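One structure below.
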Amino acid sequence: MTAATASASAPTEPVAVVVVAAGAGTRLGYGMPKALVPVCGEPMLLHALRGVVAASSARQICVAVPADDDELAAVCRAFAIELASTEPATTEPATTEPATTEPAASEPGATAGTARELGAPEITVVQGGATRAESVQSALTALKPGTVHVLVHDAARPLTPPEVFHRVVAALRNGAAAVIPAVPVVDTVKSVARTVDDEASVADEVVTGTPARETLRAVQTPQGFDAETLLRAHRTSQTWSEERAAAITDDAMLVESLGLPVYVVRGDARSLKITTPLDLRLAETLVSSLGSPGTILTQPSPTQEPS
Ligand SMILES: Nc1ccn([C@@H]2O[C@H](COP(=O)(O)OP(=O)(O)OP(=O)(O)O)[C@@H](O)[C@H]2O)c(=O)n1
Ligand SMILES: C[C@](O)(CO)[C@H](O)COP(=O)(O)O
């Protein structure tokens, strides 16, 4: 199916959301995994998970946490309980499998059973890897069979408004195999090179070019994919050299490398990635003034251009 021929009224397909939360948060500098750092008193991951649930009808949320983590897995367990106490019961028959036969949610591949029994998305916890791409790969191995669409979302973007998820899912349902949210770049962007010899005493870098700004976008998450395509893209990247693999900064570039189109939908300034202490302060200001992801649904973005 192509984007041009797909029908907007296509039936909904099973969606899973991968939330990557295994990063160290070195640039934030809190001495703990970034996803655990509190945003207005609650772990960043919890804000992100609430945002995913408020926005999407995912049947599974697969969270990649650091290998030596207990605390983020505990956040996931607590969230599954929170969901179970707020979600209406499903019309599907409840599983007869007792929750106690499932592995604890802190174990790789573990599922928090309570939420599943009540029709909320399954929360699955896996061990992340040394890089973001490896964390995604680990989560992909734990997807439920039959998953058709996968969204990959950064725990470090805890304030992504639901509309962004909706745009991504709509593009998938309209036939895209890969779709990313993005915003225009506001600064003039330069390519640079390290200075050498005499120039090095003048400055560290020198400009090599100025790409046309109208053609540039700052890319956000969730990035959405046809599940088979994303799996194929990650499998292919596992054959890449260490140097090439180290340069992977998002999932879309893996699909690009397969020669497939990656479509772009409008992102949102509120979907900022918390990377530095200044980003954290900004996020806290946004939560204080607009509320948490589940409660900022109806607020227009202060920086959004009219659609
Ligand atoms: N090995 C890794 C590295 C990153 N991530 C996740 O990928 C997202 C984007 O990464 P980034 O913001 O760069 O987070 P960190 O890697 O934690 O940041 P830093 O480079 O400052 O350590 C985050 O949600 C992060 O948890 C991950 O799951 N596994
Ligand atoms: C995936 C991403 O958030 C898109 O902007 C970004 O590329 C992650 O980059 P990082 O290197 O993990 O900070």
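If you read the sequence shown in the UniProt record's numbering, its first letter stands for residue 1, the second for the next number, and so on. Here a beta-carbon is modelled for each residue, glycine too, at the ideal position from N, C-alpha and C. Since the structure is predicted, the reported quantities are computational estimates derived from the model, not experimental observations.
Residue i: CB within 8 Å of a non-hydrogen atom of ligand 2
{"i": "residue 220", "result": "yes"}
{"i": "residue 250", "result": "yes"}
{"i": "residue 154", "result": "yes"}
{"i": "residue 273", "result": "yes"}
{"i": "residue 132", "result": "yes"}
{"i": "residue 167", "result": "no"}
{"i": "residue 244", "result": "no"}
{"i": "residue 157", "result": "yes"}
Residue i versus residue j - alpha carbon distance
{"i": "residue 38", "j": "residue 68", "result": "19 Å"}
{"i": "residue 221", "j": "residue 132", "result": "13 Å"}
{"i": "residue 128", "j": "residue 137", "result": "8 Å"}
{"i": "residue 236", "j": "residue 146", "result": "21 Å"}
{"i": "residue 303", "j": "residue 183", "result": "Low confidence applies here, because residue 303 scores a pLDDT of 49, under 50, leaving its location unreliable; read the following figure in that light. Approximately 10 Å, taken between the alpha carbons."}
{"i": "residue 194", "j": "residue 275", "result": "24 Å"}
{"i": "residue 60", "j": "residue 153", "result": "13 Å"}
{"i": "residue 92", "j": "residue 120", "result": "With a pLDDT of 37 at residue 92, under the threshold of 50, the modelled position of this residue cannot be trusted; read the value that follows with caution. Answer to the nearest angstrom: the Cα atoms are 11 Å apart."}
{"i": "residue 279", "j": "residue 160", "result": "14 Å"}
{"i": "residue 255", "j": "residue 229", "result": "7 Å"}
{"i": "residue 112", "j": "residue 76", "result": "Residue confidence for residue 112 is low, a pLDDT of 42 falling below 50, so the modelled location carries little weight; the figure read from the coordinates is stated next. Spanning the two alpha carbons is a distance of roughly 8 Å."}
{"i": "residue 189", "j": "residue 210", "result": "6 Å"}
{"i": "residue 122", "j": "residue 253", "result": "28 Å"}
{"i": "residue 288", "j": "residue 46", "result": "16 Å"}
{"i": "residue 292", "j": "residue 62", "result": "21 Å"}
{"i": "residue 29", "j": "residue 282", "result": "16 Å"}
{"i": "residue 262", "j": "residue 53", "result": "25 Å"}
{"i": "residue 130", "j": "residue 206", "result": "32 Å"}
{"i": "residue 214", "j": "residue 249", "result": "22 Å"}
Delimiting residues of the alpha helix (DSSP H) encompassing residue i
{"i": "residue 248", "result": "Premise fails: residue 248 is in no alpha helix (DSSP H) and is neither H nor E."}
{"i": "residue 51", "result": "44–55"}
{"i": "residue 279", "result": "277–290"}
{"i": "residue 81", "result": "71–86"}
{"i": "residue 137", "result": "132–140"}
{"i": "residue 232", "result": "227–237"}
{"i": "residue 168", "result": "162–173"}
{"i": "residue 212", "result": "That residue, residue 212, is in no alpha helix (DSSP H); it is neither H nor E in DSSP."}
Any C-beta of chain D under 9 Å from that of residue i
{"i": "residue 69", "result": "Among the protein chains of the structure shown there is no chain D, as only one such chain exists."}
Whole-Å CB distance - residue i paired with residue j, under 8 Å assumed
{"i": "residue 267", "j": "residue 181", "result": "4 Å"}
{"i": "residue 166", "j": "residue 227", "result": "In fact, because the Cβ distance is near 19 Å, the residues do not count as touching under 8 Å."}
{"i": "residue 168", "j": "residue 179", "result": "5 Å"}
{"i": "residue 35", "j": "residue 21", "result": "4 Å"}
{"i": "residue 140", "j": "residue 72", "result": "Contact doesn't hold; Cβ gap of about 19 Å is too wide."}
{"i": "residue 58", "j": "residue 162", "result": "Wrong, their Cβ atoms sit about 12 Å apart, outside the cutoff."}
{"i": "residue 17", "j": "residue 172", "result": "Incorrect: roughly 12 Å between the Cβ atoms, too far for contact."}
{"i": "residue 157", "j": "residue 271", "result": "5 Å"}
Any non-hydrogen atom of ligand 1 within 8 Å of residue i CB
{"i": "residue 135", "result": "yes"}
{"i": "residue 314", "result": "Residue 314 is absent from the model: the chain starts at 1 and stops at 307."}
{"i": "residue 25", "result": "yes"}
{"i": "residue 164", "result": "no"}
{"i": "residue 213", "result": "no"}
{"i": "residue 177", "result": "no"}
{"i": "residue 181", "result": "no"}
{"i": "residue 43", "result": "no"}
Host beta strand (DSSP E) of residue i (start-end)
{"i": "residue 182", "result": "178–184"}
{"i": "residue 191", "result": "191–194"}
{"i": "residue 147", "result": "Here residue 147 belongs to no beta strand (DSSP E), and DSSP marks it neither H nor E."}
{"i": "residue 17", "result": "15–20"}
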